[in-house]
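Residue numbers (this note's numbering): 103 to 435. Everything on this sheet refers to the single structure shown next.
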């Protein structure tokens with residue numbers, strides 16, 4: 103294999119020796135088989151039947167576990183599910199090896215179409231924010247509200263601290279980094295990621311650090327770990343260069359769903375300055391800025407983010423009910 107090539111994608115039925123994925127109290131995991139992909143879905147039992155559905159989409163290198171702090175805080179208002187994108191968490195790689203923004207969005211759409219849960223309250227972080235934006239733009243029927251936490255939307259001037267992540271997209275870099283970092287412990291890797299993603303890594307508890315290290319150890323045993331990372335990073339970079347109607351900012355302008363935008367003042371991956379541009383781009387947007395938060399506000403400040411989501415739900419409940427009545431009248435319901 104040439105040093106400029108990425109490793110080949112193993113078939114979805116490859117079994118690894120990785121340890122079991124952690125499941126927090128009150129959560130359950132299930133595997134969903136769909137055409138070309140198999141997704142692992144993390145869910146919680148809602149406080150009561152009939153609550154509106156929500157779906158959470160993680161960022162680059164993340165998993166559905168990234169939502170384990172936020173989801174319990176919304177159990178009384180939402181029926182919560184979080185998925186592992188193909189190649190991440192406990193989901194195997196997609197059969198076609200497509201880790202583009204469009205490929206990930208297609209996986210989300212396939213899941214929503216197959217489950218019949220739409221329209222959902224769709225929540226995305228980082229890469230997941232870009233994916234959720236595309237889903238909301240091309241399939242407005244599937245999205246009731248949209249919440250984007252540090253979404254990976256194109257920036258002309260990216261932050262210096264974000265450059266290494268972008269470099270993963272270059273041919274051969276993932277393989278080179280694997281060789282250079284082969285002696286790093288899982289804890290060293292985790293602390294590096296936390297320093298990059300948290301506004302204040304000291305907010306992570308010892309238990310949280312231990313769980314993160316265990317998850318990193320598990321992922322490093324997966325044969326496709328770096329491949330999924332590199333190809334998804336390339337997908338983000340490619341999406342930044344796409345113009346016209348398929349550009350992410352143009353698609354943001356097409357989103358009809360009420361949108362909550364959350365940006366952290368200490369985000370080292372998505373520029374805080376992009377908050378105002380995003381607020382102007384989405385036609386029905388509200389903005390929450392957290393000066394001390396980093397890239398994963400739902401993990402650093404879950405209570406604050408949950409309160410903002412509750413306000414979004416409360417403010418849109420009236421219009422949603424009116425829309426439902428209008429639909430019933432038109433269909434004879």
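Every residue, glycine too, gets a C-beta built ideally from N, C-alpha and C. Quantities reported herein were computed from a predicted structural model and do not represent experimental measurements.
| Asked | Found |
| --- | --- |
| Enumerate in chain order the residues of its own chain whose CB-to-CB distance from residue 333 is below 6 Å, with the five nearest sequence positions on each side excluded. | 201 |
| Tell me whether residue 188 sits in a helix, a strand or coil according to DSSP, three-state version. | coil |
| Quick one: residues in its chain with C-beta nearer than 7 Å to the C-beta of residue 186, no 5 flanking neighbours on either side, listed in chain order? | 141, 142, 165, 166, 192, 193 |
| When burial is assigned at 16 or more other CB atoms within 10 Å of the CB, is residue 282 buried or exposed? | Residue confidence is low: residue 282 scores 44 on pLDDT, short of 50, so the model does not pin down where it sits. Its coordinate-derived value is still stated next. The residue is exposed, with fewer than 16 neighbouring Cβ atoms inside 10 Å. |
| Taking contact to mean 3 or more Cβ pairs, one atom from each stretch, closer than 8 Å, check whether the segment 383–392 and the segment 352–362 are in contact. | yes |
| Going by C-alpha distance, which of 382, 326, 292 is nearest residue 352? | 382 |
| How long is the line joining the alpha carbons of residue 196 and residue 206, rounded to whole angstroms? | 9 Å |
| In or out: residue 178 buried (at least 16 other Cβ within 10 Å) or exposed? | exposed |
| Beta carbon of residue 338: closer than 7 Å to some heavy atom of the ligand ZN? | Although the ligand ZN was asked about, the structure shown includes no ligands whatsoever. |
| Determine the extent of the alpha helix (DSSP H) in which residue 238 is found, giving its start and end residues. | 229–240 |
| Using CA coordinates, which residue listed in 124, 208, 149, 204 is at the minimum distance from residue 137? | 208 |
| Given this structure, state the Cα-to-Cα distance separating residue 153 from residue 286, to the nearest angstrom. | 45 Å |
| Thinking C-beta only, is residue 222 closer than 8 Å to residue 214? | yes |
| Could you have a look at residue 223 and say whether DSSP puts it in helix, strand or coil? | strand |
| Just how far apart, CA to CA, sit residue 356 and residue 232? | 14 Å |
| As a quick exercise: from 394, 373, 180, 315, pick the residue whose alpha carbon is nearest that of residue 415. | 180 |
| Starting from the Cα of residue 228, find the closest Cα among 402, 248, 253, 170 and give me that residue. | 253 |
| Anyone know if the C-beta pair for residue 288 and residue 315 falls short of 8 Å? | yes |
| Can the beta-carbon of residue 174 be found closer than 8 Å to that of residue 128? | yes |
| Express the C-alpha separation of residue 413 and residue 111 in angstroms, rounding to a whole number. | Annotation note: pLDDT 37 at residue 111 (below 50); position unreliable, coordinate value reported separately. Taking the straight line joining both Cα atoms gives about 42 Å. |
| Mapping the DSSP letters down to three states, classify residue 155 as helix, strand or coil. | strand |
| Where does residue 294 fall in DSSP's three states? | helix |
| Skipping 5 residues on each side, what residues in its chain have a beta carbon closer than 7 Å to that of residue 130? | 145 |
| Just confirm the distance between the C-beta atoms of residue 393 and residue 171, as a whole number of angstroms; I'd bet it's less than 8 Å. | 20 Å between Cβ atoms; not a contact. |
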